Structure formats: C-alpha cells, structure tokens
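Enquirer: Sharing a structure with you now.
Residue numbers (the numbering used here): 590 to 1068.
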C-alpha cells in the first residue's frame, strides 16, 4: 500500500531504439523542467514531474536494455534500469509496433513480470491506422495492458495516461495541508544522512509515528520540536543502516528526487571533509528547480582541525555560498551528528524556511516597494520592441511564494530586471533562502521565472485587467 502523500514514480523501460525518449518528451512536454540528470551513461537518465487532469506523478526515462550485456556501457545501463525498477511504483514498457515483439522485447517483458509491479505496454510508432491494427501481435509478450501510441504524432497519449493512472490508482491531487512542515534529508552517500536522521529522531524529540507505505519502502517519521509537529520524509534506507551495504546507498538519486518533491525543505547534508562536490550541487539544483527551500548542513564538523572554529565557519560559509550561488542566501548550519551539536539550530532554521514559504505579504506594502524599486531603476529597453511597462503586482500563491506582474509585453522582460525585482521582494520581506516564483503576464502570453532560472511551466491563464498603479515615466535626457 502506497503512502497517499507520496508522489508515485513510473519508469519507462525497453530495448534500444523503440522511442522511449521520444515518448518521455511527449508525455512530460518538451518545455517541462528536467528535475534530474544523472551522467555516466550513453545518455542521461531523465526524471520529470508530470501533471495530467489534476493527477501528479514522476516519470523516469532509462537507457535501452539488451538481453545479454556485452560492453561496460550496456552493463551500466542494465544496473541503472534495475535501480529504477526497484524504486518505481509502475512500469511503462515501450515496444515498436513495426517490428512486433522480438526476442529482446520478450526478455525485457520476462524481467518485468518478475518484479510483480503493474506494467503498461506502450506499443509505439503506431503512426497510422494500418500500423495501429498490428498492435495485437504484442499480446505475445504475456502482458495484458497494451496501448497503441505514436510519440511522433502524439496519438494515443490520452489513453496511455488513463492506463497509467488506473494501474497506480492515483487520486486527484488535493490541496496540501500546511499544518505540518515536511523536511527531506538528501545528499550523496556516506555524508552522514543516517546519523543526522537519528540525531533528529531521538527519544527527546518525541517520535509520534513511523508511517510505512510505498513500494519504494519509504518511511515517514513524525516528531515534535518546540511544540511543532514535523514530518521527516522517506527515511527508509537512511535510518536503516543494515538495509544497505556498508559505504553504499542504493537508489540515492531517485530517492532524492522523490523526497524533494514531497518536501517543503530539502536538508542537504555535506561532509565537512569533502564539501560542495558536483553531486551536492546537482542535488541542490533538483530542489531549486522544484522551488523547494534548501538548508545546507555541514556534518562532521567535530572532525575539523582548526585553532579558530568561528573563523573556519566564516570561511566555509563564504566558499559554500559561492558554490551554491544559484540559491540566493542559502542558509548553512554546521553540525556534528555524533555529538548532536547544531541539531536544534538545523530544526529552527528549517521551521523558519517553512513559515516563510507559507507567508502572504501585505498587498499595499508590496505595491509600494515595487513602485519605489521601479522609480530607482527603470526597466531597460529590450531590442527593437521598446521598454517594459509594469502596471500592477500581486502575490498569487504560496509554497513557493509566487508574485505576478502585469505588464505591457512579456517579450520586453530582461533577465537582469527579473532578478532585480525578485531581490527587491526578497530583501523587503526577508525571504532569505526561500525560492520565489515570478510571473509576468501581458501581451505575448505568460512568462515565468524563478530564482534558479527554472523553465517551470507557466499557468495557462488569461492576463488580468490592468490595475491602478503605473510604472514611473521614463525620463528624457534633459529632464
């Protein structure tokens, strides 16, 4: 039984050259933000959130499987696919209708049947009715849920989505409750995530419950800190040291992605002896793309040898903020899970980030500070299209705090001015360490930005009527 709060993961698998990546792009939309890219194979593994008629899940693309791997790359891809199958809630097998089920397809299908997980078969490249009528040949795979699709022409995608949603029995996404903060502990292997989790979940913090529940063996733990009930997300494999080989944390990338998407705050654990590796930055980037707050925790601080610990903390903070510069004012906490030092500071800072993510600002105050900001620095001209004019601003939502600017033409928005307006709002309302989503609406559609330069999909709304405050008049040279 899956935890109803968990975001399900569907893994796309199949032999090479059946159109898995094309189908992935067709399902997620080519403009969807890539949440995870794991290098080291013939191509990256991609993971992206998908929304279909109010339902939400994660879709993972994988490399092409061959029956008997002969090269190092083929063996690497097989190991990668095995990891994806281990953590997936359901599997999407892609085949080619033009070739029919060949030996390689039969071997992949046999492998999937052994997982005891629901499997939907997308018989791809059914570009016309004649090819679609060849689909029944694929029942020879021994799998009953088949859908003829064409990723190229986007045929059959609605029926395919219906089949996927039915096998994982996914309810409509309900409005999230903000009563309980959700923290996810993430990071690369061997940085002390398990020790941090155990330090947080000690008896003094009154563990309320361990909530089992997904096919990925996730474990959510509720605990109380300073009268606040907090949910620590997906601690399976983090807290259970015996469940993994020493020095190896299986499925760390997929675990990080699924945990981050369910969280309010991603607690990114670093090793004081090896801080800010490329993998650390990659995981932080996943959280930034998802507009989640990131709290950087430098663990094993008790092992640092220095005569001036405060000076060393300042040096580390400067270095880490430089490395994580794509997250403005990222908060940094120094801890020792063994000594339990810094744990209270970690939780206090996590709660601050949670409350700021849920903050509504005063609308008149917002309008006033933006008007002042425009008066100080007028929007620059962007090419031959002219200058940007801003008519009004409002806060549209929380989690993340989202601010909408109504403008004359979204094509005239310059990235430097986006950043200027975002920083103005952040500084005035102390949104430090909290990703802000900024939208511009007007002629030209909807333009969405985030602090992380995300390609997050825009809401498909009509631009609202112009409001009651005007941008400052651009001064002439002789004014």
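Every residue, glycine too, gets a C-beta built ideally from N, C-alpha and C.
Just so we're clear, the structure is a prediction, and the values are computed from it rather than from any experiment.
1) Please go through the region 928-1012 and give each complete beta strand (DSSP E) segment of 3 or more residues, from N-terminal end onward.
2) Can you give the Cα-Cα distance for residue 775 and residue 935, rounded to whole angstroms?
3) In this structure, how does DSSP classify residue 825 when only helix, strand and coil are distinguished?
4) By a C-beta neighbour count over all protein chains shown, 10 Å radius and 16 as the cutoff for buried, is residue 895 buried or exposed?
5) Can you tell me which of 721, 682, 688, 718 puts its alpha carbon nearest to the alpha carbon of residue 702?
6) Taking all protein chains shown into account, do 16 or more other C-beta atoms lie within 10 angstroms of the C-beta of residue 924, making it buried, or fewer, making it exposed?
7) At which residues does the beta strand (DSSP E) containing residue 644 begin and terminate?
8) Less than 8 Å between the C-beta atoms of residue 852 and residue 818, yes or no?
9) Excluding the 5 residues preceding and the 5 following residue 611 in the sequence, name in chain order all residues of the same chain whose CB lies nearer than 7 Å to its CB.
10) Contact criterion: CB-CB distance below 8 Å. Does residue 821 meet it with respect to chain D?
11) If we ignore side chains and look at the alpha-carbon of each, how far apart do residue 850 and residue 639 end up?
12) What did DSSP end up calling residue 912 once you bin it into helix, strand or coil?
13) Helix, strand or coil: how does DSSP classify residue 697 here?
14) Quick one: residues in its chain with C-beta nearer than 7 Å to the C-beta of residue 868, no 5 flanking neighbours on either side, listed in chain order?
15) Alpha carbon to alpha carbon, how far is residue 875 from residue 734? Give it in angstroms, no decimals.
16) Could you pull out every residue in the same chain whose Cβ sits closer than 6 Å to the Cβ of residue 642, ignoring the five residues on either side in sequence?
17) Determine which residues share a DSSP beta bridge with residue 737 and list them.
18) Evaluate residue 949 with the Cβ neighbour count: other Cβ atoms within 10 Å of its Cβ, from every protein chain shown; 16 or more gives buried, anything less gives exposed.
19) Taking the alpha carbon of residue 919 as the reference point, which residue from 890, 862, 856, 960 has its own alpha carbon closest?
20) Have a look at 946, 888, 712, 605 and flag the residue whose alpha-carbon is nearest the alpha-carbon of residue 771.
21) Quickly, what does DSSP pair residue 600 with across the bridge? List them, please.
22) In the DSSP assignment, find the alpha helix (DSSP H) that holds residue 784 and state where it starts and stops.
23) Taking the C-alpha atoms as reference points, what is the distance between residue 720 and residue 705?
24) Determine which residues share a DSSP beta bridge with residue 637 and list them.
25) What residues are listed by DSSP as bridge partners for residue 756?
26) Quick check on residue 694: buried or exposed, where buried means 16 or more other Cβ atoms within 10 Å of its Cβ?
27) Expressed to the nearest angstrom, what Euclidean distance is found between the alpha-carbon atoms of residue 938 and residue 768?
28) In the DSSP output, which residue or residues are listed as bridge partners for residue 1070?
29) Give the range of the alpha helix (DSSP H) segment to which residue 615 is assigned.
30) Check for me: the alpha helix (DSSP H) holding residue 720 runs from which residue to which?
31) Could you tell me the boundaries of the beta strand (DSSP E) in which residue 779 lies?
32) Between which two residues does the beta strand (DSSP E) harbouring residue 852 extend?
33) Looking only at C-alpha atoms, which of 755, 710, 1011 sits nearest to residue 983?
34) Measuring alpha carbon to alpha carbon, tell me which of 929, 883, 898 ends up nearest residue 910.
Expert: According to the structure shown:
1) You should have 979-986, 991-998.
2) Cα to Cα, residue 775 sits roughly 14 Å from residue 935.
3) Reliability fails at residue 825, whose pLDDT of 48 lies under 50, so the model's placement of it is uncertain and the value that follows must be treated cautiously. Correct three-state label for residue 825: coil.
4) Flag for residue 895 reads exposed.
5) Per the Cα distances, 682.
6) Residue 924 is classed as buried because its beta carbon has at least 16 other beta carbons within 10 Å across all chains shown.
7) Counting along the chain, residue 644 sits inside the beta strand (DSSP E) bounded by residues 644-650.
8) Not in contact: residue 852 and residue 818 (Cβ atoms no closer than 8 Å).
9) Non-local beta-carbon contacts of residue 611 in its own chain, meaning distances under 7 Å to residues more than five positions away in sequence, involve 740, 741 in chain order.
10) Looking at the structure shown, chain D is missing, and only one protein chain is on hand.
11) Taking the straight line from one Cα to the other gives about 12 Å.
12) In the structure shown, residue 912 sits in a helix (DSSP, three-state: H, G or I).
13) Here residue 697 sits in helix by DSSP.
14) Taking residue 868 as the centre and dropping the five residues before and after it, the same chain places the C-beta of 777 closer than 7 Å to its C-beta, in chain order.
15) In a straight line, the C-alpha of residue 734 is about 33 Å away from that of residue 875.
16) Excluding sequence neighbours, residue 642 sits near nothing in its chain.
17) The partner list for residue 737 (beta bridge, DSSP) reads 712.
18) Residue 949 comes out exposed.
19) Residue 919 has its Cα closest to that of 856, out of 890, 862, 856, 960.
20) Here the closest residue by C-alpha is 946.
21) Residue 600 is bridged by DSSP to 649, 680.
22) Per DSSP, the unbroken alpha helix (DSSP H) holding residue 784 starts and ends at 782-789.
23) Across the structure, residue 720 and residue 705 are spaced so that their CA atoms are roughly 30 Å apart.
24) Note: residue 637 is bridge-paired with 648 in the DSSP secondary-structure output.
25) In DSSP, residue 756 forms no bridge with anything.
26) Of the other Cβ atoms in all chains shown, 16 or more fall within 10 Å of the Cβ of residue 694; this residue is therefore buried.
27) Rounded to the nearest whole angstrom, the C-alpha separation of residue 938 and residue 768 is 17 Å.
28) There is no way to answer for residue 1070, as the model of the chain reaches only from 590 to 1068.
29) Residue range 609-617 is occupied by the alpha helix (DSSP H) that includes residue 615.
30) Start and end: 718-721.
31) Per DSSP, residue 779 lies in no beta strand (DSSP E) and is assigned neither H nor E.
32) Looking at the DSSP string, residue 852 is not in any beta strand (DSSP E), and its letter there is neither H nor E.
33) Comparing Cα positions, the closest option is 1011.
34) For residue 910, the closest alpha carbon among the candidates 929, 883, 898 is that of 883.
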